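Have a look at the structure below before the remarks.
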Amino acid sequence: MTDILLELIYNDIMIETFELVFVYNADSGIFSGIKDLVHKSVSPKTYECNLCGLTYGGISMKQDWKEFVENLPIKVAFLHKDEFIKKYPQLASVSFPVVFKKEGKTLEEFISSDEINKQKSLEDLKKLINTAIEK
11 MTDILLELIY NDIMIETFEL VFVYNADSGI FSGIKDLVHK SVSPKTYECN LCGLTYGGIS
71 MKQDWKEFVE NLPIKVAFLH KDEFIKKYPQ LASVSFPVVF KKEGKTLEEF ISSDEINKQK
131 SLEDLKKLIN TAIEK
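Okay, so the sequence shown: first residue is 11 according to my numbering, each after it adds one.
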């Protein structure tokens with residue numbers, strides 16, 4: 011087999027074997043969304059979800075972020091904090107926002123809340139994710 015074919019097989023296996031689960035430090039629902047929008051607009055420095063702040067504009071996902079996650083060589087999922095806790099109550103005490111690596115039924119912290127919160131721009135966040143994937 012050629013190196014290119016082996017690389018394609020490896021990437022296909024990687025896509026099928028794990029997924030990244032991004033968890034916002036925000037709850038789901040229309041009222042939570044409105045509250046978060048107002049908080050982000052009025053007092054962005056005290057807004058507690060840097061993942062939301064970097065990846066969302068006023069009411070929708072930033073196009074640059076949307077294209078980035080769509081082009082990752084890995085499946086991705088997004089959950090709000092309340093959705094995540096309902097699905098994985100044993101992990102309710104983790105700090106949010108956070109990114110988990112999910113393999114089968116196993117979740118492992120992939121990018122911590124501290125790491126996400128240190129990012130100053132969407133470009134910084136994308137570099138962090140790419141670096142973590144390459145490890």
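Yeah, the Cβ is synthetic: ideal placement off N, Cα and C, and Gly gets one too.
No experiment lies behind these values; they were computed from the predicted model shown.
| Item | Value |
| --- | --- |
| beta-carbon Phe78 near the ligand FMN non-hydrogen atom, thresh 7 Å | Judged by which ligands are present, the structure shown has none, so any question about the ligand FMN falls away. |
| Neighbourhood of Glu125 by C-beta distance below 6 Å, restricted to the same chain and skipping five residues each side | none |
| Leu138 vs Gln129 beta-carbon contact at 8 Å | yes |
| Neighbourhood of Leu89 by C-beta, 6 Å cutoff - its chain only, sequence neighbours within 5 removed | Val33 |
| Per DSSP, the bridge partner or partners of Thr116 | Glu113 |
| Collapsed DSSP secondary structure at Ala36 in the structure displayed | coil |
| Contact check, Cys59 vs Asn35, beta carbons under 8 Å | yes |
| Closest by C-alpha distance to Asn140, when choosing among Ser105, Phe94, Tyr98 and Trp75 | Trp75 |
| Closest Cα partner of Thr27 within the set Lys111, Gly63, Asp92 and Thr65 | Lys111 |
| Proximity to Lys85 [Cα-Cα], best of Glu113, Ile40 and Ser122 | Glu113 |
| Ile40 versus Met71 - alpha carbon distance | 15 Å |
| Cutoff 6 Å; reference Val108; Cβ partners in own chain excluding five residues on either side | Val33 and Ser123 |
| Cutoff 7 Å; reference Ser38; Cβ partners in own chain excluding five residues on either side | His90, Asp92 and Glu93 |
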